Structure formats: C-alpha cells, structure tokens
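**Student:** Shown below is the structure under consideration.
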Amino acid sequence: MCTVKDLRELGTEDLREHVAAELSRTRRRSAQLTDAVDDEDLVKQHSPLMSPLVWDLAHVGSQEELWLVRDVGGREAVRPDIDDLYDAFQHPRADRPALPLLGPREAREYVGTVREKVFDLLGETPMEGRKLVEQAFAFGMIVQHEQQHDETMLATHQLRDGPPALTAEPPPQQPAGALPAEVFVPGGPFTMGTSTEAWALDNERPAHEVHVDSFYLDTTPISNAAFAQFIAAGGYHEPRWWSEAGWRYRQKASLEAPRFWLRDGDRWLRRRFGHVEEVPGEEPVVHVSFYEAEAYAAWAGKRLPTEAEWEKAARHDPATGRSRRYPWGDEDPAPEHANLGQRHLQPAPAGAYPEGEAPCGARQLIGDVWEWTASDFLPYPGFAAFPYREYSEVFFGPDHKVLRGGSFGTDRSACRGTFRNWDYPIRRQIFAGFRCARTPIQDES
Ligand code: AVJ
Ligand code: FE
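Residue numbers (the UniProt record's numbering): 1 to 445.
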C-alpha cells in the first residue's frame, strides 16, 4: 500500500517508481474486468448507455498513446489510423459497436504495445521543465483516466445479463454503533479545491475560499431501508416531492424504484453483478438518479447538499482551519478508511468505516457510493483548462450535476476530497446514491 502524501516531496527516481506501480496496478484491474468474459461478450453492447468493453480497453490505450507516447515522449505514433475510432467525441456510445473496432486480441496487443513504450520513456522523462510532466502529472492523469474507465466497465458488468462473471469479498460488516442521524457544520469560510495536489485535475483547481452558512448533514448516506420507506409512502407517485424536470422524467421513464430493484411480493430484490438477492436494508441506496435523490430529500423535509457544503464537511478541519486531502487526514486511502477500489462489489452498511470519519462526524463521504449534490458542474474562479478542454470545460453548465466522494467501484487514485465527478441528472447506471442536508431552523443549534 502506497502512503505517499505529497508527490512534491519525491525525487525523480521515486516518482518514476510510484508511476510504474500505479500504471501496473491499474492495468491489472483493466485486465480483470476484460478477462472475466468471453470475446463475444467483450464486443457486444450490453446497454445503449455503454460502449462495448473492448472499446473502453482500446480507448484507454489510445489516450495513453496520445498523451504519453506522442506528447510527453515525443515518440512516433503507434496507430495513428485509429485515433478517430477511440475519440469519445467522434462517436456516441450507442454507435460504437458498429465501428470497425479492434477485436479483443488486437485491442489487448495494442494496449500492451503502448504500455511497453510508456515504461521505456518513463525512465528518460524529466519530471520537470514542462507543466505536463511536473510531479509526473500526465502519467497521473492517464492512471486516473484508465481507472475511470475501469469504473465505467464495472457499470457495464452490472448492466450485462447472464450469470455472475466477477467475484469479490463482501465488505466488512462493522456495527455502526449509535450514530446521530445528522452532524452540524458551523458556518464560516473554508478552502475549496486545491492548488497543490499534484495529480488533481483541472476542474479541482485552484484553491479558493468559500463561505458556507451553518448546515446539518446526514451522518451517513441514505440507506435502502430509508429509501424503501419513501417508496412505500407513495413517493414515486407524488408530484409534490419532485422538481418539474424530475417529475417529467419520472413519468416518461415510469420510475418506481432504484434501477435493478425487483418487486417480490412484499419485499424488494435486486440484481447485483448477476446475483439476485434481497435488498439489504442497511446498505446505502445505489443506482438512483439525481431526480430521485432530490425527491427523497424533499419528502424527508430536507434537501441535497451543495457541492461546497459536501466538500466543507469532508475536508474542513476546524482545529487548524485548513482543508484536508481526505476526511480522515492527509494520508492516501487505506482499506480501513473507505470502501474503494472494487475490493467489494457493493457498498458497506451505512455507518461503517469509523476510521474514515470526517472532523464533523460524517461517515463514508469517501467510497461506497457517489453522492449527488445540488450543484451544477461549473468552473471554480480562476479555472484554466489543462491539458485539454474536453476533459472538463466542455461539460460545464446546467446540464450536469456534480457527484462527490467516489464509490466502491472507484479507485483511490481517481478519488479525493477535491475530486469532482458529473453526470446528467437522469443517470442511474452509475454507482450513485446520496445523503441529505438541511438549513438550521431559527434558534436551532
Ligand atoms: C469524469 C466520469 C464524467 O467517464 O465521462 C473518461 C471521465 N473523461 N474519459 C467520463 C472521463 C474522459 C468522465 N467522468
Ligand atoms: Fe475516456
């Protein structure tokens, strides 16, 4: 387990070693996700929402070739003829199966060839002199990119029909103990975003002060049992809990429950990576859209936290006044802190991971489920696209809502207190849940 706190403290050789370890660890996961099914399954489209797994694999290689082999390394292109096929902006996901994609064997060979060249150039790349390589940023960006696609591939696995293909240990069943339902976060300024985290992506930058009024935040994510009460109370049939856009979507899609839930008499079952099982009441709810989260919060007399509230709860240390990298401190996530990295293929019970607790007392802000926030995906003041506009900038605006904290399917390299994810408010195939917030009523607190 790597416990590097600050890559700026590493010498070039140690930095190279760190990069090599991260690249290899990441590729093992991509291999697991693609070796788990046969060739037919790899080229097939399991849902119009997703690419065939074989597209994700070669796309990962293509981005690595563009940024590391060609740009950082200045080496000759490996496959300039396939750039367009794996450019996510050229072809929507639904159209990708019809493209003349590399087959499974070719895709594996391709990513292997690219990786060999990257290991070769890693040894001679100076980790300074050019913004792209400072603290090995481009390598970190490529590690995170592959890990992000690994989470996307995990979502594809969840969407595929048929018997289970993936296995993992269940998460620790730690008793939560008696936790308060909500924690209080006193009003005041905090530092949001970062200007120092070496591998932070452009949308997390720069650090800036934000004032957040006092608020209450749920100690844990909303559980399946709590969400089932909303269903039982007729929540899906009461327009008053829904925003206008949310209700329109609820009607159009005939939503009745989280995605992958099945009614069985008077109980709920779910399909999870090929297993059909009773919905565990104590686990955080997952596979709900922003609109369902918003409706639940209204029904509960609450609201979703803003992105600034979420980050203040997760990072602000009132004892020092500074913002931490993670809720528990500045050390990289270890297994006792959070459910990350596809070690378990489901969230841990709400209230787990006492060692990952934030100074305000909230739990599981990192890991388990992505948490929908009330906020649109917008640039921070002073934002500068780097190294390319298509990572973040083209997605800024009211169409995408911000998600925070990462899920059981997210790697630790692609998740931190400042990390920002985003998606359309209708999306349910991602590993997203939520927790609620509320503004104190007069004289409370
Ligand atoms: C940050 C998860 C929204 O998957 O669309 C992958 C990450 N960007 N390849 C996505 C990403 C380019 C992105 N999200
Ligand atoms: Fe990508």
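A virtual CB, placed ideally from N, CA and C, is assigned to each residue, including glycine.
Keep in mind the model is a prediction, meaning the values are calculated, not measured.
1) What separation, rounded to the nearest whole angstrom, lies between the Cα atoms of Cys-2 and Arg-28?
2) Looking at the unbroken beta strand (DSSP E) that takes in Arg-343, where does it start and where does it end?
3) If you draw a straight line from the alpha carbon of Pro-52 to that of Glu-40, how long is it in whole angstroms?
4) Specify the secondary structure class of Gln-32 as computed by DSSP and reduced to three states.
5) For Ser-214, count neighbouring Cβ atoms within 10 angstroms of its own Cβ and tell me buried if that reaches 16, exposed if not.
6) In this structure, how does DSSP classify Met-127 when only helix, strand and coil are distinguished?
7) Just checking, does the stretch 48–64 make contact with the stretch 145–160 on the three C-beta pairs under 8 Å criterion?
8) Less than 7 Å separating the Cβ of His-149 from some heavy atom of ligand 2?
9) For Val-212, which beta-bridge partners are listed by DSSP?
10) Are Val-72 and Val-19 close, meaning C-beta to C-beta below 8 Å?
11) Starting from Phe-230, follow the alpha helix (DSSP H) in both directions and report where the run begins and ends.
12) Which residue marks the beginning of the beta strand (DSSP E) containing Pro-398, and which one marks its end?
13) Starting from the N-terminal side, write out each stretch of the alpha helix (DSSP H) that is 4 residues or longer and does not extend beyond the stretch 415–440.
14) Step through the CB atoms of chain D and report whether any lies within less than 8 Å of the CB of Ser-323.
15) My output table needs one value for Gly-329: the three-state DSSP class, helix, strand or coil.
16) Taking the alpha carbon of Trp-310 as the reference point, which residue from Glu-278, Pro-359 and Leu-340 has its own alpha carbon closest?
17) For Leu-68, count the other beta carbons within 10 Å of its own beta carbon; 16 or more makes it buried, fewer makes it exposed. Which is it?
18) Per DSSP, Ser-47 forms a beta bridge with which residues?
19) Quick one: Cα of Trp-242 to Cα of Gly-193, how far?
20) Excluding the 5 residues flanking Pro-164 on each side, which residues of the same chain have their C-beta closer than 8 Å to its C-beta?
21) Quick check on Ala-207: does DSSP put it in helix, strand or coil?
22) Kindly indicate the opening and closing residues of the beta strand (DSSP E) around His-275.
23) What I want to know is whether the C-beta of Tyr-391 ends up closer than 7 Å to one or more non-hydrogen atoms of ligand 1.
24) Which two residues bound the contiguous beta strand (DSSP E) that contains Leu-102?
25) If you check the beta carbons only, do His-337 and Glu-355 fall under 8 Å apart?
26) Put Thr-12 into one of helix, strand or coil per three-state DSSP.
27) What would DSSP say about Leu-365, mapped onto helix, strand or coil?
28) Does Phe-89 pass the burial test, meaning 16 or more other C-beta atoms within 10 Å, or should it be called exposed?
29) Thinking C-beta only, is Val-43 closer than 8 Å to Gly-103?
**Tutor:** Taking the definition as stated:
1) Only weak support is given to the placement of Cys-2: the predicted model assigns it a pLDDT of 46, under 50, and the question is left unresolved by the model.
2) Per DSSP, Arg-343 belongs to no beta strand (DSSP E) and is neither H nor E.
3) 10 Å
4) helix
5) exposed
6) coil
7) yes
8) yes
9) Gly-188
10) no
11) 224–232
12) 397–404
13) none
14) Absent from the structure: chain D. Only one protein chain is present.
15) strand
16) Pro-359
17) buried
18) In DSSP, Ser-47 forms no bridge with anything.
19) 31 Å
20) Phe-273, Gly-274 and His-275
21) coil
22) 275–278
23) yes
24) From DSSP, Leu-102 is part of no beta strand (DSSP E); its letter is neither H nor E.
25) yes
26) helix
27) coil
28) exposed
29) yes
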